[in-house]
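Here is the structure we will look at.
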Amino acid sequence: MVYKREDGRKLTQTRDMEAKVGIIPNAIGSAMFRIGKTIAYATVYGPRELYPRFLQDPSKGILRCNYNMMPFASSGERSRPGPNRRAKEISLITEKALAPVIDLSKFPNAVVDVFVELPQCDAGSRCAGICAASMALADAGIAMKDLVAAVAVGRVEDQILVDLNYIEDSYEGGTDLPLAIIPSTGQITLLQMDGVMTKEQLKKAFDLATVTCKQIYEIQKAALKNKFGVQAQ
Amino acid sequence: MKNHIIKLLNQGIRLDGRKLEEFRQPLTVEKGSFPQAEGSARVKIGNTDVIVGIKLETMVPYPDQPGQGSIMVGAELLPMASPDFESGPPSTDSIELARVVDRGIRESGALDFKKLCITEGEKVWMITIDIVPVNADGNLFDAASLGAIAALQDVKFPVIDDNGKIDYKHKTNKGLPLNKVPIEVTVYKIGKDFLIDPSRDEEKFVDARLTIATLEDGTVSAFQKGGNDALTQEEIFNAIDIAVAKGKELRKLL
């Protein structure tokens, strides 16, 4: 069966995207990434001293991420504020998605805090959060090998598609596969999957994610250049 | 630093060159910023940036008010918004902020709670107002309460389907039964001087503050005093005059 996307997109087409850097003046670095109705803000505070002290690492600084949805962010009922199991897991995988590109060896005993906050969610929030967070880290001047771009790909019926919206994400019998990629090397730093796929479908999905992450990467770079007054080419 | 601020205030100026009774710029209210919520608004006062989101739910009414809906106000001082905020359970500051905003709305009679009743004794609307500072640079009280009123004005009821369940994907054209527009202005005292809209730097040296909610006709509908200094009756009435005058400025933004 051929699945037609309810919002009229092509299978390889993302929702419209927008990125901004330096949106929160109190933070050392900050960024916004929007994909469709999903909006993520990220702020970076630090490097600053890490307390309690037993968490400190004398050999390098620590990256600490926190993902949080605002209580009114999702369609449907209000969600109770504060971390739940889902938010804690996403905080952890966000940290792991970003850790491979950043170098905190010059900041022993310190922490770099990344706060990802979502005022509005319509699927794809962990990926939007990672996109925003990597721009915010760059904005904060943290030493990085590259940015990280992330997107969810998936399967609905027999079709592989990119950037699932809420309907596609919760499609019965479908598969959701969020990925984060280091665009310059193609390495994958976040990989999760809910659902079933054949090896061939997986290959197709990975390729689609890689191509899409390169598009996201351009948007991220343009937003950073825009903040620092460099003309985008 | 405090001496420096006081010295300047005695000359009628602020650290950033403003007058004592002047709001920072930009001073903006944007409604409907997050359309997936039933109501939302974003207020910017200088670098202070606050989001307010409203969700509507149905619930069984409280036993003492079987024919009335209700509101609930929450505020979260997220560590995203300031290096002074920490993760963890709600701080006393965030609870005070939420309660002051709540009082400003509830006690003014702005909302007709009886019109939020669906079936007496069984089902009423619950309006949850969540305040989230994005960048906290002082004077969250005024920004949050202004945002709450703007978001209430933005609310559209969701559709209730045939089974009596809320269909959050579809909104009606019906807004909330708002009768009055209470506006909160907080007057701050540093040394002997009274000022409004302090920045984060100034807020650290505040001796006393008084949040005053006023209505169009100049009636006062709520108070909250904070800070460690006492205030005289004369000072309080002066503060009310400031709150009414400045409230008019804010009212124009809605």
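Protein chains in written order, with this note's numbering: chain A, 14 to 246; chain B, 646 to 899. Using N, Cα and C, we set each Cβ at its ideal position, and we do this for glycine too. Small disclaimer: the values here were computed from a predicted structure and weren't measured.
Per DSSP, methionine 148 of chain A is one residue of the alpha helix (DSSP H) stretching across 138-152. Excluding five sequence positions before and after asparagine 883 of chain B, the CB atoms of its chain that fall closer than 7 Å to its own CB belong to Phe839, given in chain order. By the neighbour-count criterion, in which 16 or more other beta carbons inside 10 Å mark a residue as buried, serine 118 of chain A falls on the exposed side. For phenylalanine 67 of chain A, not one C-beta of chain B is nearer than 8 Å to its own C-beta. Between valine 695 of chain B and glycine 783 of chain B, the beta carbon gap of about 11 Å keeps them out of contact (Cβ cut-off 8 Å).
Under the three-state reduction of DSSP output, valine 889 of chain B falls in the helix class. Under DSSP, valine 34 of chain A takes part in a beta bridge, and its partners are A/Ala44. Following the DSSP letters along the chain, one finds aspartate 189 of chain A inside the beta strand (DSSP E) bounded by residues 188-195. Apart from the 5 residues on each side of it in sequence, serine 72 of chain A sits with its Cβ closer than 8 Å to the Cβ of Ser118 and Pro121 in its chain, given in chain order. Contact between alanine 100 of chain A and cysteine 140 of chain A does not hold, since the beta-carbon distance rounds to 15 Å and is not under 8 Å.
Residue B/Ile716 holds the alpha-carbon nearest to the alpha-carbon of threonine 773 of chain B among B/Ile716, B/Arg854, B/Glu879 and B/Phe679. If the five residues before and after isoleucine 232 of chain A are omitted, its C-beta is found closer than 6 Å to the C-beta atoms of Met30 and Ala32, all from its own chain and listed in chain order.
The C-beta of glycine 89 of chain A comes closer than 8 Å to at least one C-beta of chain B. In the three-state scheme derived from DSSP, where H, G and I count as helix and E and B as strand, glutamate 667 of chain B is classed as coil. Residue burial annotation: glutamine 670 of chain B is exposed, with fewer than 16 other C-beta atoms found within 10 angstroms of its C-beta. Valine 124 of chain A and glycine 733 of chain B have their C-alpha atoms roughly 17 Å apart. Across the structure, valine 851 of chain B and leucine 797 of chain B are spaced so that their CA atoms are roughly 31 Å apart. Excluding its 5 nearest sequence neighbours in each direction, serine 790 of chain B has C-beta neighbours in its own chain below 6 Å: Val746, Gly749 and Glu829, listed in chain order. Residue contact check for glutamate 31 of chain A against chain B: no CB pair falls below 8 Å. As a beta-bridge residue in DSSP terms, phenylalanine 868 of chain B pairs with B/Ile857. Annotation: aspartate 862 of chain B to phenylalanine 128 of chain A spans about 43 Å, alpha carbon to alpha carbon.
As the crow flies, the alpha-carbon of lysine 240 of chain A is around 49 Å from that of glycine 809 of chain B. Under the DSSP assignment, lysine 217 of chain A falls outside any beta strand (DSSP E), being part of the alpha helix (DSSP H) whose first and last residues are 212-240. Ranked by Cα distance from threonine 25 of chain A, the first of A/Ala218, A/Val243, A/Lys238 and A/Ala236 is A/Ala218.
Residue-level contact by beta carbon holds for aspartate 135 of chain A and chain B, with a gap shorter than 8 Å. By the criterion of a C-beta distance shorter than 8 Å, valine 800 of chain B is surrounded in its chain by Glu683, Gly684, Ile699, Leu701, Ile772, Gly820 and Leu821, once the five residues flanking it on both sides are discounted. For histidine 815 of chain B, the closest of B/Val804, B/Leu823, B/Phe668 and B/Asn824 by C-alpha to C-alpha distance is B/Val804. Within the model, the alpha-carbon separation for glycine 167 of chain A versus methionine 157 of chain A is close to 29 Å. When the beta-carbon positions are compared, proline 724 of chain B and aspartate 126 of chain A come within less than 8 Å of each other.
Looking at A/Asp116, A/Gln172, A/Arg98 and A/Glu108, the one whose alpha-carbon comes closest to that of cysteine 144 of chain A is A/Glu108. Chain A places no beta carbon closer than 8 Å to that of glutamine 670 of chain B, leaving this residue out of the contacts. Residue B/Ile841 holds the alpha-carbon nearest to the alpha-carbon of glutamate 666 of chain B among B/Thr764, B/Asn873, B/Asp806 and B/Ile841. Beta-carbon to beta-carbon, valine 779 of chain B and isoleucine 37 of chain A are separated by about 6 Å, close enough to satisfy the 8 Å threshold.
DSSP places glutamine 798 of chain B inside the alpha helix (DSSP H), whose first and last residues are 785-799. Annotated as proximal: cysteine 134 of chain A and methionine 82 of chain A, with beta-carbon spacing under 8 Å. Under DSSP, serine 715 of chain B forms a beta bridge with B/Met771.
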